[in-house]
Amino acid sequence: MAKNADRITELRVEGITKRFPGTLACDAISLRVGEGEALALVGENGAGKTTLMNILMGLYQPDEGKIFINGSPVRFRTPNDAYAAGIGMVHQHFMLVPNMTVAENVALGSAELRGRFRLNLGAARARIRQISERYGLAVLPDAYVWQLSVGEQQRVELVKTLCFGAKFLILDEPTSALTPQETDELIALLSRMTADMPLIFISHKLAEVKALSNKVTILRAGRVAFSGDTADHSSADLAALMTGHEVKLPCNECADGCGETLLAVRDLKVRSDRGHYALDGASLEVRAGEILGLAGVSGNGQRELADALAGLRSAESGSIALAGTELSGLAPRQIIGAGMGYIPEDRQTEGIVPSFSVSENLTLKDFASPRFAAGPFLRLKAADANAAELKKRYDIRCPSTATPAGSLSGGNIQKVILARELARGPKALVAVYPTRGLDMGAEEFIHKRLLELRCEGVAVLLISEELDELMNLSDRIAVIYKGRILATIPAQEATRARLGALMAGLREEEGATA
Amino acid sequence: MNRTYRTLYSAAIILAAAAAAVGIGALVLMAIGVSVPETYRVILTEPFKDMYGITEILVRTVPLILVGLGIAISFRSGILNIGAEGQMQIGILAATAVALALPNLPKWLLLPLVLLAGALGGALWGSIAGLLKARLGVNEILSTVMLNYIAAQLHGFLLRGPMIDPAELQVGSGTPQSMRLPKAAWLDRILTGYRLHWGLAIALGLAVIVYFLMWRTTWGFRMRAAGAEAKAARYAGIRVESCLAAAMILAGAFAGLAGAIEVTGVHRRAIEGVSAGYGFSGIVVALFGGLHPAGIVPSAFFFGLLLIGADMTQRALSVPANMVLVLQGAVILSIVSAKTWLNDPYARDKAVRKMAALFGGGRK
Chain A
50 MAKNADRITE LRVEGITKRF PGTLACDAIS LRVGEGEALA LVGENGAGKT
100 TLMNILMGLY QPDEGKIFIN GSPVRFRTPN DAYAAGIGMV HQHFMLVPNM
150 TVAENVALGS AELRGRFRLN LGAARARIRQ ISERYGLAVL PDAYVWQLSV
200 GEQQRVELVK TLCFGAKFLI LDEPTSALTP QETDELIALL SRMTADMPLI
250 FISHKLAEVK ALSNKVTILR AGRVAFSGDT ADHSSADLAA LMTGHEVKLP
300 CNECADGCGE TLLAVRDLKV RSDRGHYALD GASLEVRAGE ILGLAGVSGN
350 GQRELADALA GLRSAESGSI ALAGTELSGL APRQIIGAGM GYIPEDRQTE
400 GIVPSFSVSE NLTLKDFASP RFAAGPFLRL KAADANAAEL KKRYDIRCPS
450 TATPAGSLSG GNIQKVILAR ELARGPKALV AVYPTRGLDM GAEEFIHKRL
500 LELRCEGVAV LLISEELDEL MNLSDRIAVI YKGRILATIP AQEATRARLG
550 ALMAGLREEE GATA
Chain B
19 MNRTYRTLYS AAIILAAAAA AVGIGALVLM AIGVSVPETY RVILTEPFKD
69 MYGITEILVR TVPLILVGLG IAISFRSGIL NIGAEGQMQI GILAATAVAL
119 ALPNLPKWLL LPLVLLAGAL GGALWGSIAG LLKARLGVNE ILSTVMLNYI
169 AAQLHGFLLR GPMIDPAELQ VGSGTPQSMR LPKAAWLDRI LTGYRLHWGL
219 AIALGLAVIV YFLMWRTTWG FRMRAAGAEA KAARYAGIRV ESCLAAAMIL
269 AGAFAGLAGA IEVTGVHRRA IEGVSAGYGF SGIVVALFGG LHPAGIVPSA
319 FFFGLLLIGA DMTQRALSVP ANMVLVLQGA VILSIVSAKT WLNDPYARDK
369 AVRKMAALFG GGRK
């Protein structure tokens with residue numbers, strides 16, 4: 050049995066098929082990862098990547114197909130079976146208890162280190178130290194998880210998985226929450242580890258695929274669309290294979306058509322939920338026909354700035370002006386009325402009412418306007434006609450406009466939100482992480498629409514962590530750090546290194562220039 | 019083909035839920051040592067044997083519809099109102115007080131005034147929980163349950179003290195009830211000789227109005243959006259807190275009106291126990307009716323039937339009428355479990371595939 054092998058030298062799946070309501074999530078997928086290999090698994094949202102990994106982890110049973118480790122067939126009925134066979138998974142969302150220490154978190158998940166009544170913390174510490182040294186993973190066993198940065202937490206996840214005896218790693222979008230520097234470090238670390246154990250990682254970011262993997266498998270609609278050596282293909286080739294058509298993420302190339310300042314934030318001070326100043330005197334200006342990118346590691350005041358711009362969090366002092374109208378102190382309704390468009394951070398719960406139909410969600414801000422209401426009565430026909438038109442114009446893929454919006458895919462939900470906001474003809478648009486977690490096809494669509502808005506003279510504030518997105522779309526990039534705008538630089542002068550340094554809080558005069 | 023299987027699956031789940039409710043009830047009936055089929059036969063068929071039974075079911079249906087409509091409005095708007103019983107009692111007190119204070123007004127003026135007073139009383143009681151929730155974020159389940167106790171004590175105090183019928187004091191029997199209402203405050207009976215009154219028409223009319231209010235007006239859209247996802251509603255500029263307060267006030271008004279109609283239509287005076295648990299049964303009625311007027315009306319009729327049937331089993335088979343509470347509980351449990359199965363697309367799809375494998379039929 051493969052269980053007792055010291056190392057996993059080969060993991061092979063053959064003809065895995067898994068059906069879900071209305072869809073074939075995995076359709077006869079076969080792939081193989083051998084010794085010293087890192088396989089990148091890429092594909093659009095809903096292509097079947099996560100389902101396949103959940104099958105490898107024993108969370109789902111395949112309807113058909115087999116899994117082989119070191120050549121012998123295995124069956125995982127539960128995640129414990131998969132762990133026992135040496136497969137470890139690092140999830141996209143961290144599975145850590147924040148108010149416990151690293152050692153406690155490790156001991157908690159391991160049957161050996163968790164005695165009947167108390168955790169064996171000594172053994173956990175020893176194990177952590179051993180793993181840290183072996184792979185150069187710096188982790189303090191006695192630090193509390195809540196004290197750690199996102200990048201450090203990611204390392205703890207990795208250490209935890211290794212402490213459980215993983216001999217094969219599965220990583221689901223491991224870099225999605227990391228800063229550029231942290232991403233580079235993680236990629237370097239994983240490259241070193243590949244020598245010891247094979248791994249599969251899921252990613253949307255082709256740059257990482259190129260940097261880390263030596264083999265790549267592309268899934269499309271549940272099937273293997275392509276499988277080959279990474280080195281033989283360019284990023285553009287891979288993107289085309291992934292979406293089925295040539296992808297050209299649009300760039301902000303048209304001439305500088307910026308007009309006067311439309312959206313101006315001055316000396317804004319806003320408290321966070323915990324009571325401290327999350328925004329501590331932030332100022333920025335967005336001009337008509339300009340995309341201002343706001344870069345920063347999440348948690349540096351972006352959320353509070355976005356809330357304040359929507360009118361959902363009151364400002365302690367400072368001002369927000371849209372085309373000369375003072376917005377701070379106004380209710381959300383009035384801010385919307387003043388011409389503010391908004392793409393919220395959490396599209397599932399802030400952007401749409403999930404149980405409402407697509408049609409209802411498309412009129413969520415205008416249901417009481419004369420267009421959609423006659424006096425107190427809703428004009429349902431007008432709403433349906435509006436929905437049919439927007440569905441076509443924005444290519445919203447849904448069975449019908451009466452479908453509950455919450456049942457759509459992330460990309461299509463984002464299209465519903467975008468359609469609603471753009472159809473209202475806003476003067477300014479605040480887009481908060483608009484492409485987070487979306488596949489390249491949806492990302493391309495959203496980028497194109499944002500650039501169109503810019504050409505129409507709308508002031509766009511783009512809050513994002515994706516440096517490529519910021520550099521491709523923005524006219525200028527502002528970097529937020531601990532509630533203040535550290536610097537605002539023209540996009541042409543921005544480099545990954547320079548932005549990364551600013552995001553880490555290094556002021557330019559302290560060194561670390563491009 | 020698959021659509022047929024899917025319908026079959028839903029039907030099977032609903033049947034299984036019904037069977038489970040009947041089964042749980044049967045276990046309890048067996049435990050108290052009575053004939054199970056006979057009890058169910060009496061509950062479900064005996065009330066339909068004569069006009070008395072049918073009209074009495076409808077008498078119970080009226081307050082259940084009214085309370086259920088209020089519950090549906092509040093639940094749909096995101097506030098879990100458990101306080102209908104108390105709101106109903108305050109409505110009873112307010113309606114009775116107005117009717118007794120203005121005995122000389124003509125009927126066309128007094129009756130509407132009395133019903134309005136009942137609705138306002140309930141609304142006032144509901145607004146306490148509503149404002150506490152909107153202003154201070156006080157959990158409405160706790161506040162409404164607590165307000166039920168206060169309302170019950172107030173109700174008991176007033177009917178035993180300041181509002182008690184002076185005749186009761188003279189005779190010395192001391193039954194906690196008010197004076198008889200003036201005739202001008204009576205809701206007329208529909209058929210002579212039976213207690214069924216025109217409150218039924220009011221309840222059915224309001225069911226239609228609630229449907230239009232919640233699903234066809236901007237006001238209803240706002241309320242439902244606030245209830246379905248408060249965060250998205252806030253981003254869309256809806257003042258969620260006002261919606262919560264409004265929902266609570268309206269739910270209270272419906273419960274208060276139910277109380278006023280019970281007093282003016284059935285008892286013609288306030289008596290302790292008029293609310294009779296309608297405020298709690300109304301929650302079950304609303305949930306069983308899918309929080310929609312079109313479901314609440316038949317569901318209220320069904321629970322009215324259970325109440326009358328239970329009365330009859332008590333007389334015919336000496337099964338305690340409280341058995342109906344057990345059945346209500348069994349129905350709630352079955353609804354909740356059936357919903358998790360009905361809403362689980364994975365379970366449904368698995369079942370559909372199994373059926374397709376057994377009986378043939380394509381994947382698509």
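Residue numbers (this note's numbering), protein chains in the order written: chain A, 50 to 563; chain B, 19 to 382. Backbone N, C-alpha and C fix where the C-beta goes; we use that ideal spot for every residue, glycine too.
(request) Identify which residue in B/A278, B/P81, B/A49 and B/L205 has its Cα closest to the Cα of B/A225. (result) B/P81
(message) Is the beta carbon of A/G137 closer than 8 Å to that of A/F217?
(response) yes
(message) Using 8 Å as the threshold, is the C-beta distance between A/V507 and A/K531 below it?
(response) no
(message) Can you tell me whether A/R382 is helix, strand or coil according to DSSP?
(response) helix
(request) Determine, using beta-carbon pairs with one atom in the region 224-231 of chain A and one in the region 167-174 of chain A, whether at least three such pairs fall under 8 Å. (result) no
(request) Would you please verify whether the beta carbon of B/W359 is less than 8 Å from any beta carbon of chain D? (result) No chain D is present in this structure, whose protein chains are A and B.
(message) Quick check on the DSSP output: the beta strand (DSSP E) that includes A/C75 runs from which residue to which?
(response) T72 to G83
(request) Establish whether the CB of A/P381 and some CB of chain B are separated by less than 8 Å. (result) yes
(message) Beta-carbon within less than 7 Å of B/V54's beta-carbon, same chain only, minus the 5 sequence neighbours each way: which residues are those?
(response) A44, L47 and M48
(request) Classify A/R204 as buried or exposed, calling it buried when 16 or more other Cβ atoms lie within 10 Å of its own Cβ. (result) buried
(message) For the alpha helix (DSSP H) containing B/R153, name the first residue and the last one.
(response) K125 to L154
(message) Which residue marks the beginning of the beta strand (DSSP E) containing B/S260, and which one marks its end?
(response) First-last for B/S260: V258 to I279, but that is the alpha helix (DSSP H), not the beta strand (DSSP E).
(message) Measuring straight from C-alpha to C-alpha, what distance separates A/E222 and A/I251?
(response) 5 Å
(message) Contact criterion: CB-CB distance below 8 Å. Does A/K414 meet it with respect to chain B?
(response) yes
(request) Sort B/N340, B/S336, B/R252 and B/H310 by Cα distance to B/A294 and report the nearest one. (result) B/N340
(message) Quick check on A/T66: does DSSP put it in helix, strand or coil?
(response) strand
(message) Quick check: what's the CA-CA separation for B/L165 versus B/I110?
(response) 15 Å
(request) Sort A/S404, A/N103, A/A434 and A/L471 by Cα distance to A/L457 and report the nearest one. (result) A/S404
(message) Mapping the DSSP letters down to three states, classify A/A335 as helix, strand or coil.
(response) It should be noted that the sequence gives Val, not Ala, for residue 335 of chain A. Strand.
(request) Assuming A/P425 contacts B/T236 (C-beta within less than 8 Å), just tell me the rounded distance between them. (result) 6 Å
(message) I need the DSSP call for A/G367, collapsed to helix, strand or coil.
(response) strand
(request) Taking only runs that begin and end inside the region 178-238 of chain A, name each unbroken alpha helix (DSSP H) of 4 or more residues, in chain order. (result) 199-212
(request) Could you tell me whether any Cβ in chain B is nearer than 8 Å to the Cβ of A/L361? (result) yes
(request) Name the one or two DSSP bridge partners that B/Q195 has. (result) B/I289
(request) Kindly confirm or deny that the region 126-140 of chain A and the region 90-97 of chain A touch, where touching means at least three C-beta pairs closer than 8 Å. (result) no
(message) Which of the three DSSP states is assigned to A/L328 in this structure?
(response) strand
(message) For A/R469, which residues in the same chain have their Cβ closer than 6 Å to its Cβ, ignoring the five residues on either side in sequence?
(response) L411
(request) Just tell me which of B/P121, B/N99 and B/Y229 has its CA closest to the CA of B/H310. (result) B/Y229
(message) Measuring only the C-alpha atoms, how far is A/A431 from B/R252?
(response) 24 Å
(message) Assuming contact is defined by CB atoms lying nearer than 8 Å, are A/T292 and A/G490 in contact in what I supplied?
(response) yes
(request) Using the Cα positions of A/V155 and A/A187, report the straight-line distance between them to the nearest angstrom. (result) 15 Å
(request) Please list the segments of the alpha helix (DSSP H) lying wholly inside the region 370-435 of chain A, counting only runs of 4 or more residues, in order along the chain. (result) 381-386 and 407-411
(request) Closer than 7 Å, Cβ to Cβ, to anything on chain B: give me those residues from the region 384-407 of chain A, in chain order. (result) I385, Y391, P393, T398, E399, G400, I401, V402, P403, S404 and F405
(request) Assign A/M552 to buried or exposed, taking buried as 16 or more other Cβ atoms, counted over all protein chains shown, within 10 Å of its Cβ. (result) buried
(request) With a threshold of 16 other CB atoms inside 10 Å of the CB of B/F306, please say whether the residue is buried or exposed. (result) buried
(request) With a floor of 3 residues, list each beta strand (DSSP E) that falls wholly inside the region 495-533 of chain A, ordered by position along the chain. (result) 508-512 and 525-530
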